[in-house]
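Asks:
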Amino acid sequence: MTIDYAKARENMVEQQVRPWEVLDPRVLVVIGQTPREAFVDEAHRALAYADLALPIGAGEYMMKPVIEGRALQALDVPEDATILEIGTGSGYLTACLAQLGKHVTSLEIHPQLAEQARQRLAALGYRNVTVEQADALTWQPGNQRFDIICVTGAVSRIPEAWLQWLSARGRLFVVHGQSPAQEACLRHAKADVNGKHHESLFETDLPYLQGAAPEPGFRL
């Protein structure tokens, strides 16, 4: 059976992403034109546009389309933005961010996923992306600061270092807390127009980044 991926992409936008209150025209265009099927293994390609967290290898999963859409909308990426993505994964969200901003630096702890994402992004012509094999919990950006930081896995607590990597206008999307009731939030380097540094977005449940799960508690 031949799958009409363009139609599947349109259905994903209209039946999944838009009903989840993703209404930003730029985000909808990017999601509507990025070939999600090119970022999943052939065995899962038929499910590329399903409302599922698809396995991508190394024990990791691709986020559901609705969560990716909400993250991109919340970040409101400026066209001239320098972006840090923590958790390259399949490279799909990397591609979306690359279309919205100026340059994406993406960190991936698993060497095989990092190399796979590099190949996929290069094959599709993305030249404003740098994928680094690195652990975001120990990585150092030097003097570089980022306008946008997007974290694709959960953390039990938001590392203070990540907030220090933000530029003066920067904002960070991250899912944090205790599974299964984690909070997706936006953190602003400077208070927004409402005087808020922390903006709660929605509840979800994502796998933790490697090394970022809660410490095991003691039980009597």
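The numbering used here applies: residue 2 is where the sequence shown begins, and numbers increase by one. All residues carry an ideal CB built from backbone N, CA and C; glycine is no exception.
#1: Thinking C-beta only, is residue 149 closer than 8 angstroms to residue 67?
#2: DSSP state of residue 50, grouped into three classes?
#3: Just to confirm the assignment, what range does the alpha helix (DSSP H) spanning residue 70 have?
#4: Alpha carbon to alpha carbon, how far is residue 37 from residue 6? Give it in angstroms, no decimals.
#5: Taking the alpha helix (DSSP H) that residue 249 belongs to, which residues open and close that run?
#6: On the DSSP letters alone, give me the boundaries of the alpha helix (DSSP H) that residue 95 sits inside.
#7: Between 105, 181 and 147, which lies nearest to residue 169 when the distance is taken from Cα to Cα?
#8: Roughly how many angstroms separate the alpha carbons of residue 187 and residue 75, rounded to a whole number?
#9: Are residue 53 and residue 89 close, meaning C-beta to C-beta below 8 angstroms?
#10: Is it right to say residue 210 is buried, meaning 16 or more other beta carbons lie within 10 angstroms of its own, or is it exposed?
#11: On the criterion of 16 or more Cβ atoms from any shown chain inside 10 Å, does residue 25 qualify as buried, or is it exposed?
Replies: Here's the rundown:
#1: The answer is no: Cβ separation not under 8 angstroms.
#2: Coil.
#3: 66-76
#4: 9 angstroms
#5: Nothing about residue 249 can be read from this structure; the chain reaches only from 2 to 221.
#6: Where residue 95 is concerned, the enclosing alpha helix (DSSP H) starts and stops at 93-101.
#7: 147
#8: 7 angstroms
#9: no
#10: If you draw a 10 Å sphere on the C-beta of residue 210, you find 16 or more other C-beta atoms in it, and that means buried.
#11: buried
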